[in-house]
Every structure is written in structure tokens, then in C-alpha cells.
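**Q** Below: one structure in C-alpha cells.
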Amino acid sequence: MRAPEAMKLALLSESPADEAAISILVGYVLGAPFTRVQPTLRARGWPSVEQVLPAILRHLHFNTEADGLIVVVDSDDSVVHTPQHEAPAYHHPGCRICRLRTVFRRTLKNLPLNAAHPAPATSAHPRIRRERVLRAVGLAVPAMEAWYLCGRDTSITEAAWTQGQAAGRVPYTRSELKWRVYGTERPTLPHEIKRAVQEVTRHQGDLLRLEHDFPQGFGSLARDLRSWRAESGH
Amino acid sequence: MRAPEAMKLALLSESPADEAAISILVGYVLGAPFTRVQPTLRARGWPSVEQVLPAILRHLHFNTEADGLIVVVDSDDSVVHTPQHEAPAYHHPGCRICRLRTVFRRTLKNLPLNAAHPAPATSAHPRIRRERVLRAVGLAVPAMEAWYLCGRDTSITEAAWTQGQAAGRVPYTRSELKWRVYGTERPTLPHEIKRAVQEVTRHQGDLLRLEHDFPQGFGSLARDLRSWRAESGH
Amino acid sequence: MISAVHFKDFKALRSTAVRLEPFNLLIGPSGSGKTSLIEALLRLRYLAGQAPAPGPASALAFLNGPQIEFHFHPPFENVRVTLGCQADELSCHRLRVDHPPGLAGARQWAELRTQLHGIRAYLLDHQAMGAPVLRSAGTELATNASNLAAVLAQRAQQAPVAFAHLVADFCRIMPEFSGLDFRGVGEGHVELRAALRDSPEHLSCENLSQGTLYLLAILTLAHDPQPPTLLCLEEADRGVHPRLLREVRDALYRLSYPVATETTRPVVQVIATTHSPYLLDLFRDHPSEIVLAHKQGNAATFERLSERPDILELMRETNLGDLWYSGILGGIPGD
Amino acid sequence: MISAVHFKDFKALRSTAVRLEPFNLLIGPSGSGKTSLIEALLRLRYLAGQAPAPGPASALAFLNGPQIEFHFHPPFENVRVTLGCQADELSCHRLRVDHPPGLAGARQWAELRTQLHGIRAYLLDHQAMGAPVLRSAGTELATNASNLAAVLAQRAQQAPVAFAHLVADFCRIMPEFSGLDFRGVGEGHVELRAALRDSPEHLSCENLSQGTLYLLAILTLAHDPQPPTLLCLEEADRGVHPRLLREVRDALYRLSYPVATETTRPVVQVIATTHSPYLLDLFRDHPSEIVLAHKQGNAATFERLSERPDILELMRETNLGDLWYSGILGGIPGD
Chain L
2 MRAPEAMKLA LLSESPADEA AISILVGYVL GAPFTRVQPT LRARGWPSVE QVLPAILRHL
62 HFNTEADGLI VVVDSDDSVV HTPQHEAPAY HHPGCRICRL RTVFRRTLKN LPLNAAHPAP
122 ATSAHPRIRR ERVLRAVGLA VPAMEAWYLC GRDTSITEAA WTQGQAAGRV PYTRSELKWR
182 VYGTERPTLP HEIKRAVQEV TRHQGDLLRL EHDFPQGFGS LARDLRSWRA ESGH
Chain C
2 MRAPEAMKLA LLSESPADEA AISILVGYVL GAPFTRVQPT LRARGWPSVE QVLPAILRHL
62 HFNTEADGLI VVVDSDDSVV HTPQHEAPAY HHPGCRICRL RTVFRRTLKN LPLNAAHPAP
122 ATSAHPRIRR ERVLRAVGLA VPAMEAWYLC GRDTSITEAA WTQGQAAGRV PYTRSELKWR
182 VYGTERPTLP HEIKRAVQEV TRHQGDLLRL EHDFPQGFGS LARDLRSWRA ESGH
Chain X
1243 MISAVHFKDF KALRSTAVRL EPFNLLIGPS GSGKTSLIEA LLRLRYLAGQ APAPGPASAL
1303 AFLNGPQIEF HFHPPFENVR VTLGCQADEL SCHRLRVDHP PGLAGARQWA ELRTQLHGIR
1363 AYLLDHQAMG APVLRSAGTE LATNASNLAA VLAQRAQQAP VAFAHLVADF CRIMPEFSGL
1423 DFRGVGEGHV ELRAALRDSP EHLSCENLSQ GTLYLLAILT LAHDPQPPTL LCLEEADRGV
1483 HPRLLREVRD ALYRLSYPVA TETTRPVVQV IATTHSPYLL DLFRDHPSEI VLAHKQGNAA
1543 TFERLSERPD ILELMRETNL GDLWYSGILG GIPGD
Chain P
1243 MISAVHFKDF KALRSTAVRL EPFNLLIGPS GSGKTSLIEA LLRLRYLAGQ APAPGPASAL
1303 AFLNGPQIEF HFHPPFENVR VTLGCQADEL SCHRLRVDHP PGLAGARQWA ELRTQLHGIR
1363 AYLLDHQAMG APVLRSAGTE LATNASNLAA VLAQRAQQAP VAFAHLVADF CRIMPEFSGL
1423 DFRGVGEGHV ELRAALRDSP EHLSCENLSQ GTLYLLAILT LAHDPQPPTL LCLEEADRGV
1483 HPRLLREVRD ALYRLSYPVA TETTRPVVQV IATTHSPYLL DLFRDHPSEI VLAHKQGNAA
1543 TFERLSERPD ILELMRETNL GDLWYSGILG GIPGD
């Protein structure tokens, strides 16, 4: 029996540094190697993520063998996802996870299903083994740097942030998180990538901490990814 | 008794040509002169309109004396507004009028009301006589050029377009409309403005035709504007 | 004029072809062949001007190295011109012409040669434009527009109607100005000046802002009464405020689609390059005018955006510029 | 170094001031004073270099025409320098210096003069960079970077560590290359070449793409072991693919915020201009680094984005570039 083929995944983020970190975390959650679909997807920032997502999904569906698309965005000052948002048909217009999921749902609904037994591959039509591009959506609260500090500073959690938001006084700013991670508010890209990789690599083999401290933003991502293992039989 | 001051209006569109045409039509509907709030607002295209609208509303509310904001966009291939969309709490995610109204509602809801009896003006705080920036939203189906042809070609109507959409065969393309109006698919901006002004000026004193042939896209705009007269007492 | 260019082993262009429309906007990362295409056209112009017109039988035994083959629109659809060189040569310097036999074929080639002589490429430089220039240097706009003042001074005299159109366009786009005039300066030099609308002052060319000079140079090309047959403009958005990019597009369209401006001028084929997503946005209605230059490792290929069957679907809810930035169209740097 | 510049009747800058941060990105329409600010700084450099240091009492009776007043950061906070000219003069050529009395004050001014001598302005030109250049021309990068090859050749010899950092950065950003080297060409000239990663080939400077040359010039500035005290860069996005604008930002930040790159280098004050909304986007976290140049008719004023009390609210759901384009920030052409 042949080992199952590695999954083919696409990743949409705002910078190569986020991409490097997310890619490592995805590997830890999946517990298996995967290959990346080229070219690298990038958005200009949150407002553009939502805007280009339908086109990206359509592209991945028709033109690539991508099994799934991973999207992780910073929450900035937006509403943080909560378990209440998970209720059926619920959609919080200020929550970026809700909004991204809605775009996934609406876009995929309008794309034809691929046949369960795909035709042999041709160069024009890659052999596509999935019906739909799978979804994994995460939210870094308030920014990826919070995830990087997880396990180093117990005061940096989703709960601390959302309580601060509710009280009208956030416990830390994005700039402060950047200082903590990079030693500057203006890291170069290589420095940002290096630090991102260093920090997320600490979670290898044990994502419990990250999932505990960031139950919605990281938890949603992890739950989406684990559901893939079930679906794809990996 | 002093004549009432002219309303101060802001207008968001995708090009100076649209702006020129809309500005004239707004004058016809209001039946009174108005002044334009500076600077000129502009969006990069439909996706940006929705994106910048909250910031524009906030800006108009706090930093200007604008009484209202007029937004008109092309429908392109999107879902055309229908009377069914007018049901309370209804929102069609594919309809640009529904989407724009939602942005207006959500953004304005989060802005403080101005006092009914405004404080005297200072240079930092202009005297603002309205509680909220008023909303007028229109949709050119499928593009402004259809409005310009109204009265010249009875086959160009919202109904013809939506029936065509439903049947999967639109009766005319945007390019064809451009040809008809400009004699080219690539008009220069001055030519576009000249033709736009020429055509909409035909409707002076009688908007019935435009409202009849474009009952949702132009009708919504006209109804919004007429409600201002009531509110502002002009 | 030119309907397609096929490349074999020319720099990064190992094996690719590009079909050319009346107007073409090239986008892509560094080293993806945008400038190589323009170089090839300039080389074609040069060699076609040099070579004695060969008969159809004179097809010299051709070389094994890089080759660039040009195809043409009617009435030259049966002519093929190929540039070639040996692998170790730095630039192509052999030209092969295949045209129909007989006098008619020779006449076709002679006529095409005249047209090829009209190929021009520009990369504007506002610093070069700022200085006064010898009045006699004004026959044709230089590659970097350094002789702008002389060209406009000559046009004002010899083609006053075309000049008046240019000035009207300039003052419409830059309403702070009310006109252009010229001032003689030492030893036969001429200086361009712009009159301020609300003031008796004139700004001399060296005091005009960069954006104003770029726009003026583009309008000078767009209103040229004797334009090139094919015009290349690198970095068409250079120095231009994003809100004025529409004017750049219109000016270039004026050359490729003269009917659009209700004038009777020859069609000028235009090839422009840009890195501006906001300029790209403005071609939403004409995806066939966009050429993406893709780069894989050291090899580059061209693709016309309209060749993507799903492009209309992809553009539905997104600006073309952001779509390009997202990566799904290609034409982005590798990682 | 410079904390603020106040303008009175200098070109379009009738009455405005701009506070300067370590890093400053200027945006605005043509003729809104972006280049005038840079000119004023170059004039300051020139006149401060010319003048004999005047004592505090020497304050010459000052002129009634245009004036530009410079304020400085500690330790020069008590020094004021004013440029002035008569209304009918074309450029300022009077300098007034006010500094504290006594030897200490004079010493302050002497020290400041040295710093002002380090002001530099660049407007890169890839065509100028492409040609081989006299090896001896390599002390300092020219305004248009025309002597790039010579500067890098000299740096490779005299500052090999700084050069190695530059090369590493270049090959990281442009992974198709594996290094830079130099080749002597006729009569003491030197040519810059880039080695291709997956091939034994080298590309000579004239065959490097435009974007590659612009990036190389910016990295040459960013890794300069003896940088200017204040560096102006016009059109910082010139020739750069939108996905690589982050690298441009990082390179410029490297100068203004040396700690960011873990090196011990002097702080270089940077003033950059751009028309790119995508470059502007990258300063979302630092609105205090954006200066908007507004133009009303023929008059222009500066405003720092962070002076808008509502800027954080406005940016919530929108890219800074699109916000600028929308018009609510100003810094757009008039109608």
C-alpha cells in the first residue's frame, strides 16, 4: 500500500512572515507534511483579504489541485469571534472569522462540485481529487505577535484582549507586542521571519497552550484543519 | 424671512464623469440648488466603494457640514435590487444597494448624534445643523450609460436587464452601451463628461421616464433624496 | 502594425510569444522580459533601417543562437522578419526577411521598412526636461524627453492647431495653469514656461513639478501631429498622482484608438509598462490589453490576460490591481 | 537632526511648517511643495557650507522676501537657521544663523554645520546606472546613482563587511542572483555584474532589469557604512514591483532606525516622496511618519497624518492608500 500523497495547500496572508509562521503551525496541527500550491498568495491588508478571497477560491478550485485554503488575519480592533458566533446561521458583521467563513460559504456554493471519481489528469485540467477547496480560517488576536509570545507571557491571551476591549482599555497595543517580539516596532522582513519561526517552533508537538490561550482565533484554525484529516482520510 | 440655506452635499462615485451626471440629476430631484462639499470623493471601483464608505461617513459626520452623502455605483453583473429587498431587516448579499445601505446603517449607528440645537460654530468644529449625514444610494443598471440612453432607446431598462440576467443572456453589454453613448469603448474623460451632461440634461423637469425605466436603481436614489426634503424642511 | 513577436533564447525569453494589440500594458516582476521586448523592437527598427532590402531568395543560412521573429498585421501579413545572432554575441545583428516573391513582395517590404523606421521608445526623465534646450533640437521628442521645450516651441509654430489642443488638455488636467509659452535664453536656447491661472506669474520649466513635466511629456506624445508608428513607454505611471492615471490612459488611448478622440490621425501601436496596480485597474473593461510577464527561475514567458478563460469571473468583486497583487494572475516576483 | 522647517512665501509654500521625524514619507499632488522641501534642504546644505560662521551678533538686517526657517533637535535646539532672499530672486542665497552666545554657541554651530554638510538628495535613474563608470568615481553615490558600480567596487574593498551585508540582502530579495562582482573595462572603468544562481552566467549591469537596479541603489544607500546625516529620496517606489515595496520601506527604515537592524550606525533622517498607495499602506502602524502636502489653488501646506485626531478610526476598515485616494485625507489634485 502506497503512503497517502501529501496534501496540497494554499495559504493567504498579509506578509511572508505571517506565512512562514502559519505554515509551521499548520504542519503541527495536521501532523503530516504538505506541499504548498504556487504562487504565493498575498493580500494588501485586511480589507483586501475579504475582497480577493472569492477570486482566489475560484482560482484554486478550477485551476489548481489545492486541497484546501488557509486564511489567517489579524483582528486589529475588530470584534473577536466567540462561541456564540458558532450558532447555526449566526453571522457577526464585525467579526472577521464570521465574515471570512461567509465568503467561503457563498463562493463555494456557487462553484460546481467536482465529480467524486475524477477524470484522469491532463495538462489543462489537473487531476483534482477533492470536491471543494477545504476551508481553514484563523484570527490572530490582536496580531500574530500575540501567538508568538504565547508560553512566554501568560498575560497575553484572547481573554485578556477581549476583556480589555469590553472595558474600553486594551491590555497591550500592537506596537507593544511588536517591541516584545522584535525589539523594535520596525523589524525588517528577515528579522520578522526569523523571530516568527523561532517562536512558533516552540509549540512543536504541543499546541495545547496556544489553543488554550487563543481558543477562538487559533482554535478555529486548528479545528478546521483537524476536520480535513477526517475528510481527506490522511 | 431668510431663504433656507442651500444643502451641503457630498458625492461618492467612481469617476468625474459619473459625478457630473449624478450631480445634475440630484439637482433635478431636489428641485433646489445645493453646494458640494470639498474635496471630491472618489473610489477605485465598486469593491473600494464599500471599503472606504465607513471612513467617508465618519469624516463627513465629524469634520464637515455635509447634510447628506450620495453614492451611486454601477451594478455590473451583480444582483439588481428589487422591491422584495425592501422588506424590513432584509439584506441581499449580492445586491449593491442592500450592501451600501447596510454600511450606512452600521456606520451611522455607531456615531454619536449631534445635538438638535448645535453649538455655535468654531473653526475647529463647524456648525453642524444635522443629526446624521443623510443617505442617498443609487445603482446604475448595469452602468451609468444605461441612464444616459433612457428616452432614446426604450429597450434599455432595468426590467430588460434583469430578465436577461434571469434567462442567462443579457440584452446588451457594457461595451455596447459605451459605443452607443460615446461612439467608442475608450472615451476620453472630457468626452465622457460632455456626453453624460448632454444626456442627463434631457431629463430636466421630467424625471418620470428615468424613474419608470429604472425604478430600483434610479428610483431608490430619487426616493432617498425626496425624503431629505421632508427631513430638512427644504 | 506588429501582430506578434516570437522569442527563442533571447535573454530570459527562452521560448515564448506575445500577440500585440493596438494598445498593450505590460506588467510583471523585474527581469521578466518587459524591457527585452522593447529592446527587440528597437533592434528591429535599427536593423530594418540598415539592411538593403533582400529578395525572398536571399535568405541567408540562419544562425543557431537567439532568434526573434516578428509577424505583422495586414497588409503585411505575409512578411516575416527574424532577428538572430550567435549564442555568444551580445545583441542581435542579423536580419532575415521573408516576403512574397516578385515586385509586389519587394514593394511590401519597402513599405513595411518605412513603418518600422517609425518605432520609438520613451523613458521620461523630468530632470532632463527641466533645463533650457537648443531651439534647433526640436524635431522629435528625445527618448527621455530632454528636448521637450524645443519640440513644443517648434510645434507651436508649425502645427498651431495640434499645439492648441495640447495646451487645452494640459490646462484642463492642471487647472492651476492657463497656458504655455516660450522664452529665448542665451545662444539659441529656448525655455518652456507655464502661466499660472490666478496670477501674472509664469513658472519656468525647471520650477514645474515633476508630475507636471511627466504629464506634459505624455501629452506631447499624445498630441503629436506626426506620431511614431509604434510607441513604447516604460513606467507609464512615473511621477503621476494616482487620481491622474486616467489621464495617462486616455492620452495613450488617443494614440492607439484615434477615433476615440474624433480626429483623423494614424493608429499608433502602443506598448506601455507599469508597476502601478491603480493604472492596471483602469483596463478592467479591456483585459485583452494587459500582458502579464511571468518569471520562473531565469526564464520568462508572456501571457495575455484575456487568454485566461476565467478572467471575467475573477474580476467580479475585485479590482484588477489587487487581483494581480494577490498572485493568482502571476506576474509577481518569485519567493 | 532637523526638527522642523517653516516656510514663508517660498514658491507654493506661502505659510506652512512641517515637523520632521526620523523617517518621513511625503505624499501629495504635483506642485504641492514636496520637491520644494527637498530643494530647501539642499540649499541649506550649500549655504551653510559657504558661509563663514557668523557670531550671534552678526544677524544681518534680513530681507523681506521668501524665508525658510530651520529648527533642530538637541543638542542644536537653540540654533535657528534662516534662508532668505529678495522677492525677485530666483533662489535663496542669504543665510542667517542664530545661536547661543559665546564659545559654546559658536562650537554648536560649527558642529551643526558639519552635520548639515551631510545632507543628500537622490532621484535614481536606472539608465544612468547601467553604464560602466570610472573606477575613481566611487567615493559617494551620485544623485542619480550613475556611479553605482564604482561605489560598490570601492565598498567591496574598503568595507567588505558592509558590502557582504548588502550582497546578502540583494540575493535574498532577488533570489535569482547569487552574488555581485566587478569587471575592469577600458581605461580605468569598472562594470558591475550580477551572478545568476542557477547558471554559470553573469549579467552585466546594462542587462540588469530596471527594478533590479533601483533596488540595488536603495540597498547601496541603506548599507552605506558612512551614510549621509539626512537623506532625501524622491519617488521611492520608482521601478519597484508592488510586492517588493516592503523591502524599500525596510531599507529606508534601516537608515532612520538603525537599532531595527541590530547594527551600530548613526541615525539618518530620511525624507522620501511617493505616489504609490501600496507603499503608503505599509505605514499604517506609523501615521506620524506620513506628511500630506495639500494644495489649494497655487498655495500649498503640509500636514502630518497623525495630526488628524480621527486617523486611527478612519483606517479601521480601509487601506491607507485607498483612504488617500478617496480624498478625505487631502493630498489630491484639485478639480
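Sequences listed follow chains L, C, X and P, in order. Position one of the first sequence corresponds to residue 2 (my numbering), numbered consecutively onward. Position one of the second sequence corresponds to residue 2 (my numbering), numbered consecutively onward. Position one of the third sequence corresponds to residue 1243 (my numbering), numbered consecutively onward. Position one of the fourth sequence corresponds to residue 1243 (my numbering), numbered consecutively onward. The beta-carbon is built from N, C-alpha and C at its ideal position, and this holds for glycine as well.
#1: On a CA-only basis, which of C:Leu209, C:Pro216, C:Asp225 and C:Val198 is nearest Glu20 of chain C? Give me that one, please.
#2: Please identify, using Cβ separations under 8 Å, the residues of the stretch 1509-1525 of chain P that lie next to chain L, in order along the chain.
#3: On the three-pair Cβ rule with 8 Å, is the stretch 1430-1449 of chain P touching the stretch 1347-1359 of chain P?
#4: Name the chain P residues that come within less than 8 Å of Glu1477 of chain X, Cβ to Cβ?
#5: What residues from the stretch 39-62 of chain C come within 7 Å of chain P, judged by C-beta to C-beta, listed N to C?
#6: Return the bridge partner residues of Glu1353 of chain P from the DSSP annotation.
#7: Report yes or no: is there a C-beta of chain X within less than 9 Å of the C-beta of Asn1449 of chain P?
#8: Between the stretch 90-101 of chain L and chain C, which residues of the former have CB atoms less than 9 Å from a CB of the latter, in chain order?
#9: Please list, in chain order, the residues of the stretch 1537-1570 of chain X that have any C-beta partner in chain A closer than 7 Å.
#10: Kindly indicate which three-state DSSP category Gln1328 of chain X falls into: helix, strand or coil?
#11: Report whether the distance from the Cβ of Asn1386 of chain X to the nearest heavy atom of the ligand FAD is below 8 Å.
#12: I need the boundaries of the alpha helix (DSSP H) containing Lys1253 of chain X, first residue and last residue.
#13: Excluding the 5 residues preceding and the 5 following Leu1461 of chain P in the sequence, name in chain order all residues of the same chain whose CB lies nearer than 7 Å to its CB.
#14: Output yes or no for whether 9 Å exceeds the beta carbon distance between Leu1337 of chain X and Ala1282 of chain X.
#15: Please say whether Pro1271 of chain X and Gly1563 of chain X have beta carbons closer to each other than 9 Å?
#16: Closer than 9 Å, CB to CB, is Gln1350 of chain P near chain X or not?
#17: For the pair the stretch 151-165 of chain C and the stretch 85-98 of chain C, tell me if three or more CB-CB distances fall below 8 Å.
#18: Identify the contact partners of Glu1489 of chain P in chain L, using a Cβ-Cβ distance below 9 Å as the criterion.
#19: Determine which residues share a DSSP beta bridge with Phe219 of chain L and list them.
#20: Ignoring anything shorter than 4 residues or poking outside the stretch 40-86 of chain L, list the alpha helix (DSSP H) runs there in chain order.
#21: Do Val201 of chain C and Leu26 of chain C have their CB atoms nearer than 9 Å?
#22: If we ignore side chains and look at the alpha-carbon of each, how far apart do Arg59 of chain C and Trp1566 of chain P end up?
#23: Per the contact definition of three or more C-beta pairs closer than 8 Å, is the stretch 1523-1530 of chain P in contact with the stretch 210-221 of chain L?
#24: Looking only at C-alpha atoms, which of X:Asp1479, X:Asn1561, X:Thr1506 and X:Glu1489 sits nearest to Thr1516 of chain X?
#25: Do you know offhand how far Pro1484 of chain X's Cα is from Tyr1520 of chain X's?
#26: Straight-line CA distance for Glu193 of chain L to Leu114 of chain C?
#27: The alpha helix (DSSP H) spanning Gly28 of chain C covers which residue range?
#28: Do Ala11 of chain C and Ile98 of chain C count as a contact pair if the criterion is CB distance below 9 Å?
#29: Of all the residues that make up the stretch 144-176 of chain C, which are near chain X by a beta-carbon distance shorter than 8 Å?
#30: So for Glu1443 of chain X, helix, strand or coil by DSSP?
#31: Who are the Cβ neighbours of Gln1350 of chain P in its own chain at under 8 Å, not counting the five residues just before and after it?
#32: Could you say which of X:Val1375, X:Ser1274 and X:Phe1405 lies nearest to Ala1392 of chain X if we only look at CA atoms?
#33: Can you check whether the CB of Ile1269 of chain X is closer than 9 Å to the CB of Ile1532 of chain X?
#34: Which class does Gln1396 of chain P belong to by DSSP, given the choice of helix, strand or coil?
#35: First and last residue of the beta strand (DSSP E) that includes Tyr1221 of chain X?
#36: So, do the stretch 33-49 of chain C and the stretch 208-216 of chain L have three or more beta carbon pairs nearer to each other than 8 Å?
**A** So, from the listed chains and residues:
#1: Nearest in C-alpha terms to Glu20 of chain C, of all of C:Leu209, C:Pro216, C:Asp225 and C:Val198, is C:Val198.
#2: Answer set for the stretch 1509-1525 of chain P: Tyr1520 and Asp1523.
#3: No contact exists between the stretch 1430-1449 of chain P and the stretch 1347-1359 of chain P.
#4: At a C-beta separation below 8 Å, Glu1477 of chain X has these neighbours in chain P: Gln1452, Arg1480 and Gly1481.
#5: Taking 7 Å as the Cβ-Cβ cut-off against chain P, the residues of the stretch 39-62 of chain C that qualify are Pro40, Thr41, Leu42, Arg43, Ala44, Arg45, Ser49, Gln52, Val53, Pro55, Ala56, Ile57, Arg59 and His60.
#6: DSSP lists no partner for Glu1353 of chain P.
#7: Yes, Asn1449 of chain P lies at the interface with chain X (some Cβ there is under 9 Å from its Cβ).
#8: Correct list: Pro94 and Gly95.
#9: Considering every chain present, this structure includes no chain A. Its protein chains are L, C, X and P.
#10: It is coil, neither helix nor strand.
#11: With respect to small molecules bound, the structure shown includes none, and the ligand FAD cannot be examined in it.
#12: First-last for Lys1253 of chain X: undefined, no H or E at that position.
#13: Closer than 7 Å at the Cβ level, and outside the excluded window around Leu1461 of chain P, lie Leu1408, Asp1411, Phe1412 and Ala1493.
#14: No. Outside cutoff.
#15: No, the pair does not count as a contact, with Cβ atoms beyond the cut-off.
#16: Output row for Gln1350 of chain P: interface = no.
#17: Short answer: they don't touch.
#18: Glu1489 of chain P reaches chain L at Thr189 and Leu190, counting residues in chain order whose Cβ is nearer than 9 Å.
#19: Note: Phe219 of chain L sits in no beta bridge, so no partner.
#20: The stretch 40-86 of chain L contains these whole alpha helix (DSSP H) runs: 47-64.
#21: A distance below 9 Å separates the beta carbons of Val201 of chain C and Leu26 of chain C.
#22: Cα-Cα distance, rounded: 15 Å.
#23: Short answer: they don't touch.
#24: For Thr1516 of chain X, the nearest C-alpha among the options comes from X:Asp1479.
#25: Taking the straight line joining both Cα atoms gives about 7 Å.
#26: Whole-angstrom Cα-Cα distance: 43 Å.
#27: Residues Pro17 to Leu31.
#28: Contact flag unset, no.
#29: Flagged, chain order: Arg175 and Ser176.
#30: Note: Glu1443 of chain X maps to coil in three-state DSSP.
#31: Correct list, in chain order: Pro1317, Phe1318, Asn1320, Val1321, His1341 and Pro1342.
#32: Cα-wise, what sits closest to Ala1392 of chain X is X:Val1375.
#33: Yes. Within cutoff.
#34: Three-state result, Gln1396 of chain P: helix.
#35: Since the first residue of chain X shown is 1243 and the last is 1577, residue 1221 of chain X is not available in this structure.
#36: No: fewer than three Cβ pairs fall under 8 Å.
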